[in-house]
Amino acid sequence: MVSCTSPRYQPSGNALLDLRNPNLRAEIRVSSADQAWVDVLSGLGDRETTRNAFKDLAWSPAAPVDVRVACITHLLDDPDPAGQADARRMAMLMLPTERSRTVVSAIAARAGQRGWKEMTSALVRSYARPVEGVPDEQRAERMALEQMYPDRSLADTLFAVFLDPGYDDAPPELGLNQRTRADVWDLLGRVDQTGELRRGLIRRAQADDVSESTRASVRALQRALDSFGVVPRTGDELRWIESLADGSAENETWWREASSAIDALSSEQREGLELRHIEPLRWVRAHRPDLLGQSRQALLQSLESTLAGRDHFKRSAEKMVLGQMRKERLADWAHALSWADLVTIFVIDEAVRQPALVDRLYQQVEIDHADRTTEYGGVIEATADGTFRILLFRPRVRDRKSDTEFVASEDMIRYADRALAFYHQHVQRQANPSHAGPSEADLLFAARSGRNCVVFTGVGKSGLNVDYYQPNGVVLDLGVVAPPER
0 MVSCTSPRYQ PSGNALLDLR NPNLRAEIRV SSADQAWVDV LSGLGDRETT RNAFKDLAWS
60 PAAPVDVRVA CITHLLDDPD PAGQADARRM AMLMLPTERS RTVVSAIAAR AGQRGWKEMT
120 SALVRSYARP VEGVPDEQRA ERMALEQMYP DRSLADTLFA VFLDPGYDDA PPELGLNQRT
180 RADVWDLLGR VDQTGELRRG LIRRAQADDV SESTRASVRA LQRALDSFGV VPRTGDELRW
240 IESLADGSAE NETWWREASS AIDALSSEQR EGLELRHIEP LRWVRAHRPD LLGQSRQALL
300 QSLESTLAGR DHFKRSAEKM VLGQMRKERL ADWAHALSWA DLVTIFVIDE AVRQPALVDR
360 LYQQVEIDHA DRTTEYGGVI EATADGTFRI LLFRPRVRDR KSDTEFVASE DMIRYADRAL
420 AFYHQHVQRQ ANPSHAGPSE ADLLFAARSG RNCVVFTGVG KSGLNVDYYQ PNGVVLDLGV
480 VAPPER
């Protein structure tokens with residue numbers, strides 16, 4: 000009987016060639032890796048040639064995961080100090096972006112067991128990326144960190160990385176220290192959901208004892224905590240606080256006005272206070288002080304009455320969002336809205352109904368409707384005279400992914416220190432009621448950015464439906480804004 004198997008799918012007997020052959024079965028290639036490493040250790044194989052082949056495969060996402068792990072573990076187990084040090088540097092570079100949990104687990108296990116503390120920042124950055132189906136408590140990175148630092152809490156370990164990420168920021172455009180601090184803060188937000196641990200860490204931090212770049216972050220955190228009693232939940236919110244504390248004249252004026260507004264609040268009104276509430280409260284103190292004297296229950300009743308007389312369109316494109324039934328009515332969310340949430344909603348509702356803003360909004364809708372490459376969006380902000388304006392930030396060419404997605408540009412994020420809310424539009428069609436409300440991706444953006452958000456959706460001749468949504472998943476249909484009379 001003649002075999003139909005092509006010779007190129009058969010082992011050659013040369014371990015290094017067989018390891019590199021993508022047509023061989025994974026188990027054969029793993030055995031070849033083992034043999035190639037035995038050859039190196041016995042002096043029969045060329046060390047540098049073999050190590051380079053192993054490193055190429057370790058980095059390759061196209062290689063079978065078992066082959067990658069075999070190469071990585073042999074490199075990390077290298078008895079030669081210089082070879083192992085090089086392998087550890089490679090593993091540190093891989094961890095922050097590595098997608099294979101098997102690869103991450105193999106690296107993390109060795110780092111934890113052997114106390115490779117130079118990998119701490121890389122492990123933390125890897126741990127900061129959520130993994131679907133794997134609880135944080137069971138992550139290999141966490142186990143490694145707890146092995147490496149058995150005498151202190153995980154939160155203390157993470158905050159130590161925040162204070163000293165350990166990178167030299169070369170090249171500076173990579174911003175590795177800043178990115179690491181943001182990753183750490185994302186992770187701390189998951190570890191410490193109440194914020195109490197972070198409050199304690201911030202209060203104990205000594206800004207003068209850390210690097211200049213970290214010092215600015217610590218001082219911004221301490222200022223936000225002292226002035227407003229707020230702690231950012233995510234890395235994006237951390238960046239927002241850092242930008243607000245940059246010392247510019249405009250931001251310093253804002254801090255003074257905002258601090259005065261927060262100082263006037265009762266302890267009950269401060270419950271659940273977040274950074275996104277501060278600008279609405281600053282505006283209210285100056286222009287709608289009557290709202291500050293109302294209780295949470297009074298605000299709820301007033302909002303219920305306001306919304307009852309309006310036309311509403313519920314998004315029907317999907318029934319479920321973030322694992323639960325879609326809800327957009329005030330009655331569905333009343334229990335989840337703080338006093339500051341309600342004040343914020345009143346301010347945003349007033350803003351999106353001011354005639355000048357509505358007129359500008361409908362001009363943008365016409366432009367957006369004609370552009371099939373992207374959704375449009377931007378920021379809603381208060382002006383010096385107490386009115387509001389809507390400011391469009393057209394997505395850059397590289398961010399124009401489709402007519403059903405809006406990507407907030409870096410220009411928009413940098414500009415939006417004192418913004419009331421972010422907004423975008425669902426106006427692919429004049430009548431688009433099935434998409435009247437935020438998508439799951441929109442809600443995830445709100446959670447990550449920590450911002451108040453609004454989406455305007457075309458619902459036909461009646462105008463634009465307005466939906467407000469916030470980081471904790473609350474979505475509230477504020478009703479229709481009619482087109483301006485021409």
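For the sequence shown, numbering that gives the first Met the number 0 begins at 0 and goes up steadily by one. Glycine included, every Cβ here is placed at the ideal spot set by N, Cα and C.
Return yes when the Cβ of residue j is within less than 8 Å of the Cβ of residue i, no when it is not.
i    : j    : result
R189 : D135 : yes
P483 : V458 : no
G244 : R218 : Here residue 244 is Ala; the residue named in the question, Gly, does not match the sequence. A contact, by the Cβ cut-off of 8 Å.
Q429 : F455 : no
L74  : R50  : yes
V230 : R269 : no
L329 : L360 : no
V473 : V351 : no
L341 : L302 : yes
R486 : T119 : Lying before the first or after the last residue shown, residue 486 is absent from the chain, which here runs from 0 to 485.
L272 : I240 : no
V160 : V123 : yes
A86  : D77  : yes
D235 : G449 : yes
R284 : H434 : no
For my contact list, residue i and residue j are in at a C-beta cut-off of 8 Å; report their separation, rounded to the angstrom.
i    : j    : result
V453 : A418 : Rounded, the Cβ-Cβ distance is 11 Å, inconsistent with contact.
A127 : V183 : 7 Å
E409 : T373 : At roughly 16 Å, the Cβ-Cβ gap does not stay under 8 Å, so E409 and T373 are not in contact.
G187 : L157 : Looking at the sequence shown, residue 187 is not Gly but Leu. Going by Cβ atoms, the distance from L187 to L157 rounds to 5 Å, so yes, they are a contact pair.
D310 : G478 : 6 Å
A260 : L280 : 5 Å
R518 : V130 : With the chain represented from 0 up to 485, any question about residue 518 goes unanswered, as that position is not in the structure.
V357 : E439 : Not confirmed; about 28 Å, so no contact.
Using C-beta distances below 8 Å, list every residue in its chain close to residue i, excluding the 5 sequence neighbours before and after it, in chain order.
i    : result
V378 : I389, L390, F392, M411, Y414, A415, A418, L419, A420, F421 and Y422
V103 : L94, E97, S125, A139 and E140
D402 : D370, R371, T372, T373, E374 and Q427
L92  : A121
Y166 : S120, L175, N176 and T179
A204 : F158, L162, V217, L220 and Q221
Measuring alpha carbon to alpha carbon, tell me which of the options ends up nearest residue i.
i    : options                   : result
P97  : N451, R67 and S242        : Checking the sequence, you will find Glu at residue 97 rather than Pro. It is R67 whose Cα lies nearest to the Cα of E97.
D370 : T156, Q427 and R232       : Q427
V346 : Q429, V39, D289 and R325  : D289
F387 : L291, W282 and A333       : W282
L274 : F455, S41 and R222        : R222
L175 : N20, S212, G436 and D367  : S212
E26  : T48, T233, P63 and L56    : P63
L237 : E249, S258 and A215       : A215
F53  : E267, V29, A107 and P80   : V29
E145 : P170, A108 and G165       : A108
I344 : L220, K460, R295 and E317 : R295
F227 : E278, A204 and Q177       : E278
W253 : S41, T382, L92 and M319   : T382
W338 : E380, H276 and T48        : H276
G194 : A154, P171 and I366       : A154
E47  : L442, Q293, A257 and D79  : D79
L299 : L336, A263, E267 and S266 : L336
E267 : A257, Q293 and R255       : Q293
D262 : A248, S242 and D225       : D225
Report all residues from its chain with a CB closer than 7 Å to the CB of residue i; omit the five preceding and five following residues, and keep chain order.
i    : result
A445 : C452, Y468, Q469 and P470
A105 : V68, I71 and T72
A14  : S31, Q34, A35 and D38
P394 : T373, F405, V406 and S408
K116 : M147
M332 : Going by the sequence as given, residue 332 is Trp instead of Met. Closer than 7 Å at Cβ, skipping near neighbours: K326, V473 and L475.
P10  : D17, L23 and I27
D65  : A25 and V29
So, for residue i: in the same chain, excluding its five sequence neighbours on each side, which residues have a beta-carbon less than 6 Å away from its beta-carbon?
i    : result
S2   : Confidence is the limiting factor: at S2 the pLDDT is only 40, short of 50, which leaves the residue's position unreliable, though a coordinate-based value still follows. The answer is none, since no qualifying residue turns up.
A481 : G462
G385 : H286
M324 : none
F312 : P432, A435, V458 and N464
L200 : F158
(request) Report the residue ranges of all alpha helix (DSSP H) runs contained in full by the region 197-238; include only those spanning at least 4 residues, in chain order. (result) 211-227
(request) Output the residue ranges of the beta strand (DSSP E) runs that lie fully inside the region 284-363 and measure 3 residues or longer, sorted by chain position. (result) none
(message) Restricting to runs no shorter than 4 residues, where is the alpha helix (DSSP H) found entirely within the region 122-197?
(response) 139-147, 153-162 and 175-190
(request) Please list the segments of the alpha helix (DSSP H) lying wholly inside the region 392-476, counting only runs of 4 or more residues, in order along the chain. (result) 409-414 and 439-448
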